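Chains B and X supply the protein sequences, listed in that same order. Counting from 1, position 74 in the first sequence corresponds to residue 74 in the numbering used here; the numbering is continuous, with no gaps. Counting from 1, position 66 in the second sequence corresponds to residue 66 in the numbering used here; the numbering is continuous, with no gaps. For reference, the structure discussed in these notes is given below.
2 protein chains.
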Amino acid sequence: MTDVMDKTVNPNAAELPADVLNQDCPSRTVLRHLTDRWTPMIVTVLAPGQPVRFTELRRTVQGVSPKVLTETLRSMERDGLVTRRVTPSVPPRVDYLLTDLGASTVEPLAALRRWAEANVGEVQRNRRRYDREQAEG
Amino acid sequence: MTDVMDKTVNPNAAELPADVLNQDCPSRTVLRHLTDRWTPMIVTVLAPGQPVRFTELRRTVQGVSPKVLTETLRSMERDGLVTRRVTPSVPPRVDYLLTDLGASTVEPLAALRRWAEANVGEVQRNRRRYDREQAEG
DNA sequence: CCCCTTGGTTACTTTGAGGTAATCGATTAC
DNA sequence: GTAATCGATTACCTCAAAGTAACCAAGGGG
């Protein structure tokens, strides 16, 4: 996010087979952006395809600050996941929408979101059990 | 990861419909753990189903420090994603393997990994174009 | 005249995830 | 006896991500 200028760690890895397990593979930075704190939620909101305004995004993605929302959207724009559309009215209107590339992240990210929502109960039970067992010995 | 003791933000949200967009929904912590820096890679390595030793994990997931690998595995164990199996030999042998719950994350996380690896080229081109356009004005 | 709006930006501070280096215990190999 | 092994743990440090608060322009509504 702050790495608006991050360079490819391995410049001569031009188009070799990508592998996130490889320390120097640039696909790692791609995976990290995809899993940025707010990215899955933003993609969820933009998934239907209608352009969404900054303010509406801010309301829907509960808890995100304007600064971080701007940063995350910029990073997504830079990676080619979203398009930023400005209407220079007063007050200004700015819409965001997924590019084709961005749309192709919807399925994987939605699957992740669904997993979290479907299994939150079991995970919480596991955590309680683990903590109880640790407390005992 | 440091939140080994994190409490549910909203204690009376016992088993309501989960929604990651909701600030107080515990599914958010689940999504965050799933997208922890090393979790997708660890799940990738454990996906085949064979138990994997700590040291092998350390070698395969390039760049992870022993401290952070331990923390991440503990967190995954607490959430019920992996089982830790100790053989008290000398030197000690510790294997990790996915639980059924952990195995159910393989598909979604592998999809994410595949996306990153398949699209790293296009993302890098987009970044270069964006940076060039910013440089011009 | 003042305040409201939108979509930010800026400066500053805080947090916490992650990294580094040293150490451990118990045993076998050299 | 010294080194190596394994799976950590501990203390400490760093730095990027995230949060907070103030502010901005350019008008419209009251």
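Ideal Cβ positions, reconstructed from N, Cα and C, are used throughout, including at glycine. Predicted, not measured: the structure shown is a model, and the values here were computed from it.
- By the rule that beta-carbons nearer than 9 Å mark a contact, D95(X) does not touch chain B.
- Per DSSP, L101(X) is one residue of the alpha helix (DSSP H) stretching across D100 to A103.
- Going by DSSP, V106(B) is part of no beta strand (DSSP E) but of the alpha helix (DSSP H) stretching over V106 to E136.
- Annotation: the continuous beta strand (DSSP E) that includes R84(X) extends over V82 to T87.
- The three-state secondary structure of R93(B), taken from DSSP, is strand.
- The beta-carbon separation of L101(B) and L112(X), rounded to 14 Å, does not stay under the 8 Å limit for a contact.
- Annotation for D79(B): the continuous alpha helix (DSSP H) segment containing it runs P66 to D79.
- Closest in alpha carbon position to T83(B), among P51(B), V123(B) and G63(B), is P51(B).
- Residue state for R53(X) is assigned as strand, using DSSP reduced to three classes.
- Taking a Cβ-Cβ threshold of 7 Å, the residues of chain B close to M41(X) are V20 and L21, in chain order.
- Listed in chain order, the non-local C-beta contacts of V68(B) below 6 Å within the same chain number zero, local neighbours out to five positions each way being set aside.
- Contact between T99(B) and L81(B) holds, since their C-beta atoms are separated by about 6 Å, short of 8 Å.
- Of all residues in the region 74–98 of chain X, those with a C-beta nearer than 8 Å to a C-beta of chain B are E77, R78, D79 and G80, reading in chain order.
- Residue contact check for V68(X) against chain B: no CB pair falls below 9 Å.
- Counting only residues of its own chain and dropping the five nearest sequence neighbours on each side, L57(B) has a CB closer than 7 Å to the CB of I42, V45, L69 and Y96.
- In this structure, the CA atom of Q124(X) is about 13 Å from the CA atom of L31(B).
- DSSP, reduced to helix, strand and coil, places T39(B) within a helical segment of the structure shown.
- CA-CA distance, Q62(B) to P40(X), rounds to 25 Å.
- Within chain B, the residues L21, N22 and Q23 have their CB atoms less than 7 Å from the CB of Q62(X), given in chain order.
- The DSSP-derived three-state label of V30(X) is helix.
- Residue contact with chain B for R113(X): present (Cβ-Cβ distance below 9 Å to some residue of chain B).
- Excluding sequence positions up to five before and after E133(B), its CB lies less than 8 Å from no other CB in the same chain.
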